[in-house]
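Beneath this line is the structure, given in structure tokens, with notes to follow.
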Amino acid sequence: MSDVMHNFELYQPDSVQGAADLLDEFEDAWVIAGAKDSLGWFKDRVIQPSVVVDIGGIAELSGIEETDDGGLYIGATTTLTDVVESPLVKERYPILSLAASKVASPQIRNAGTIGGNISQDTRCVYYRSGFPCYRAGGNTCYANTPTAMNRDHALFEVSRCVAVTPSDTAPAMVALDATMVIRSKGEDIEVPASEYFIGPEIDITRMTALEHGDILLGIRLPGAWANARHYFEKAADRNTWDFALVSITMVAKMAGGAIEDVSMVCGGVQCTPRKLTEVEDVIRGEVPNSDVETLVRRVASRGAQPLNFNHFKIPLMESLAARAVRSLA
Amino acid sequence: MDSSGPYDPTLDYPEGPAIAEIAGGGDIKPWRPLHVSRRNFLRGVVCSGIVVGGASYLFSTATPARADARGVERMMSLMVNGKTHHVDVAPNETLGYTVRYRLGLTGTKIGCNQAECGACTVMADGRTIYSCSTLTHRMRGKDIVTVEGIASADGTLHPVQQAFIDELAPQCGFCTPGQVVAGVALLNANPNPTEEEARVAMSGNLCRCGAYEHYLRGVMKAAREV
């Protein structure tokens, strides 16, 4: 049950530098923008920072611009609705517009930000409920036991923690080879999406490369994948509000009916968006047909290690990958 | 007031000499001013009690004095339904709390209080948001419209509200304020939505009575009339 939030000091700096200074000063400062993820934590009283820094009002962090290489730069606090409706995104990266349009509900998309969506914490019900699990700094996993409710959990790359990435747009970032621009220790660094999302073997207590004091400034989408063929499908229990059980995100370039280049990423099966490199290798250069689809089904979920209640994700994942390939025919 | 027809609780009681006359000599004093409707009298009692008692318990006494001048100023201006209100808002206060318990706009309902159900939906700069999961301080400078601001000043219902009545959309009615705001926001942005667009726009509002089709028909009916 949710509750009135604990008391905290709220800061609303009007510049990135102001926000960074506050984060340096206060050890337990917590950053919010749309706050759709954070207020849940606060109301459940699982996380109670004494200082909250609201970066949602910083003008330089919001907006969508064209870049010189034909790509786009999306400010971290641009709302999901703005991403969905942006003519630039629709024209160059319809996959991102589509993925963002499937996030949660209209009201959440109107307030939630793209930076927050990709950086949100996992939705593992045990972790969210305040269980002292590995991810919360404890020494056990409550989801990976014979009786645990783990139908939402991971198939791949489990290392103690079996939580999955809940984001719908994070797989699109990996598929599009996006780069995250981060203000870290006074300088701006760029981190490729494939390294931005981190699994439990790197650090079990966080989902992204962001460390305390870092601020995600924006996302750089390279021109390489602009205007490519695309496919996005999200399988969830409900059409609205729900997180993906499995989602598939694909961009592809075609040449004479054959797949010239392809990037396919699967969400909801691993702690990070899972790039299906084996599928990509199988279909690159092929003309999509039913034989290729059969091959895709064979390799899509190779290496999966299901838990007690999430076996269904394996055929789901195989089917979604096959359907993505079929859409290119 | 027309005495025939079904009982309508939304109509205010007429001013009346009734009680004094019935008492026959003025010994019995009316228990409330006669020009105040029962609904508004109760609303006043409830709201003032909660603001004076509840809010100070929840926020003020438990919040230490502002230690850092760089933090947000508690006193803020909030533009709600076209009026600017000056309110004292705690840093951890949500918009849903502010409009209900500080401004007395109790049409906005707090259902799940975790951004799932949509009963608390209000508009900020024309876009729907969950007021239960929005910090009020984030709303500085925004134009907020709650369900109280939907009907026109003379009480004429918005076409969406009228259509919901005509289509028998509300059953228990708890989700209705949120449904109204979501429907109006849709028609403001897109006066001719397809049924699919309306379905998506209303998808952030749960109705435990399951009257989704009624609400959808109401929005489509209003769209034809707007």
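Residue numbers (my numbering), protein chains in the order written: chain A, 1151 to 1479; chain B, 1489 to 1714. Cβ atoms here follow ideal geometry from the backbone N, Cα and C, with glycine treated the same way. A quick note: this is a predicted structure, and the numbers were derived from the prediction, not measured.
{"Check": "Output yes or no for whether 7 Å exceeds the beta carbon distance between B/Val1633 and B/Met1611.", "Outcome": "yes"}
{"Check": "Would you please verify whether the beta carbon of B/Thr1609 is less than 7 Å from any beta carbon of chain A?", "Outcome": "yes"}
{"Check": "For the alpha helix (DSSP H) that contains A/Pro1244, what are its first and last residues?", "Outcome": "1244 to 1251"}
{"Check": "On a CA-only basis, which of B/Cys1697, B/Cys1695, B/Gln1659, B/Glu1655 is nearest B/Ala1710? Give me that one, please.", "Outcome": "B/Glu1655"}
{"Check": "Span of the beta strand (DSSP E) holding A/Gly1225?", "Outcome": "1222 to 1225"}
{"Check": "Please compile the residues from chain B whose C-beta is within a distance smaller than 7 Å of the C-beta of A/Gln1162.", "Outcome": "Val1560, His1625"}
{"Check": "According to DSSP, which residues form a beta bridge with A/Ser1212?", "Outcome": "In DSSP, A/Ser1212 forms no bridge with anything."}
{"Check": "Tell me, which residues are paired with A/Ala1394 by DSSP?", "Outcome": "In the DSSP output, where bridge partners are listed per residue, A/Ala1394 has none listed."}
{"Check": "Please list, in chain order, the residues of the stretch 1232 to 1263 of chain A that have any C-beta partner in chain B closer than 7 Å.", "Outcome": "Ser1255, Pro1256, Gln1257, Ile1258, Asn1260, Ala1261"}
{"Check": "Starting from A/Ser1440, follow the alpha helix (DSSP H) in both directions and report where the run begins and ends.", "Outcome": "1440 to 1450"}
{"Check": "Pull out every residue of the stretch 1679 to 1690 of chain B whose Cβ sits closer than 8 Å to any Cβ of chain A, in chain order.", "Outcome": "Val1688, Ala1689"}
{"Check": "Based on Cα-Cα distance, which residue from A/Trp1191, A/Lys1186, A/Phe1192 lies nearest to A/Leu1230?", "Outcome": "A/Lys1186"}
{"Check": "How about A/Glu1159: is its C-beta nearer than 7 Å to some C-beta of chain C?", "Outcome": "Considering every chain present, this structure includes no chain C. Its protein chains are A and B."}
{"Check": "So with Cβ pairs under 7 Å, would you call A/Thr1227 a contact of chain B?", "Outcome": "no"}
{"Check": "Using the three-state DSSP reduction, which class does A/Thr1427 fall into: helix, strand or coil?", "Outcome": "helix"}
{"Check": "Considering only the alpha carbon of each residue, which of A/Gly1287, A/Val1166, A/Asp1219, A/Asp1204 lies closest to A/Trp1180?", "Outcome": "A/Asp1204"}
{"Check": "Should A/Thr1358 be flagged as near chain B, meaning a C-beta pair shorter than 7 Å?", "Outcome": "no"}
{"Check": "Any C-beta of chain B within less than 8 Å: which residues of the stretch 1195 to 1224 of chain A qualify?", "Outcome": "Val1202, Asp1204, Gly1206, Gly1207"}
{"Check": "Run down chain A in chain order and give the residues with a C-beta less than 7 Å from the C-beta of B/Ile1617.", "Outcome": "Gln1257, Asn1260, Ala1261"}
{"Check": "Considering only the alpha carbon of each residue, which of B/Thr1622, B/Ile1638, B/Glu1636 lies closest to A/Asn1260?", "Outcome": "B/Thr1622"}
{"Check": "So which residues on chain A does B/Ala1606 lean against when the C-beta distance must stay under 8 Å?", "Outcome": "Here residue 1606 of chain B is Gly; the residue named in the question, Ala, does not match the sequence. Ser1255, Gln1257, listed in chain order."}
{"Check": "Tell me the DSSP bridge mates of A/Glu1159?", "Outcome": "A/Val1201"}
{"Check": "Sorted by chain position, which residues of the same chain lie with C-beta nearer than 6 Å to B/Ala1652's C-beta, five sequence neighbours on each side aside?", "Outcome": "In the sequence as presented, Ala is not what sits at residue 1652 of chain B; that position holds Phe. Correct list, in chain order: Gly1706."}
{"Check": "The alpha helix (DSSP H) spanning B/Asp1576 covers which residue range?", "Outcome": "Unbroken run through B/Asp1576 is the beta strand (DSSP E), 1571 to 1576; no alpha helix (DSSP H)."}
{"Check": "Could you tell me how far apart the beta carbons of A/Ile1264 and A/Thr1228 are, in whole angstroms, since I believe they sit closer than 8 Å?", "Outcome": "5 Å"}
{"Check": "For A/Phe1551, count the other beta carbons within 10 Å of its own beta carbon; 16 or more makes it buried, fewer makes it exposed. Which is it?", "Outcome": "Chain A is shown from 1151 up to 1479; residue 1551 of chain A falls before or after that span and cannot be answered."}
{"Check": "Rounded to whole angstroms, what's the CA-CA distance from A/Asp1153 to B/Gly1584? Just pull it up for me.", "Outcome": "13 Å"}
{"Check": "Going by CA-CA distance only, name the one from B/Ser1525, B/Tyr1700, B/Ala1639, B/His1646 that's closest to B/Cys1660.", "Outcome": "B/Tyr1700"}
{"Check": "Please tell me whether B/Ile1598 and B/Cys1608 are closer than 7 Å, where the distance is taken between their beta carbons.", "Outcome": "yes"}
{"Check": "Quick check on B/Tyr1618: does DSSP put it in helix, strand or coil?", "Outcome": "strand"}
{"Check": "Mind checking if A/Gly1363 is an interface residue toward chain B, Cβ cutoff 7 Å exclusive?", "Outcome": "no"}
{"Check": "Does DSSP put B/Asp1631 in a helix, a strand or coil?", "Outcome": "strand"}
{"Check": "With DSSP collapsed to three states, give me the class of A/Ser1469.", "Outcome": "helix"}
{"Check": "Put A/Met1299 into one of helix, strand or coil per three-state DSSP.", "Outcome": "coil"}
{"Check": "Could you say if the stretch 1628 to 1648 of chain B and the stretch 1689 to 1699 of chain B meet the contact criterion of at least three C-beta pairs nearer than 8 Å?", "Outcome": "no"}
{"Check": "Determine which residues of the stretch 1263 to 1277 of chain A have a Cβ less than 9 Å from any Cβ of chain B, and write them out in chain order.", "Outcome": "none"}
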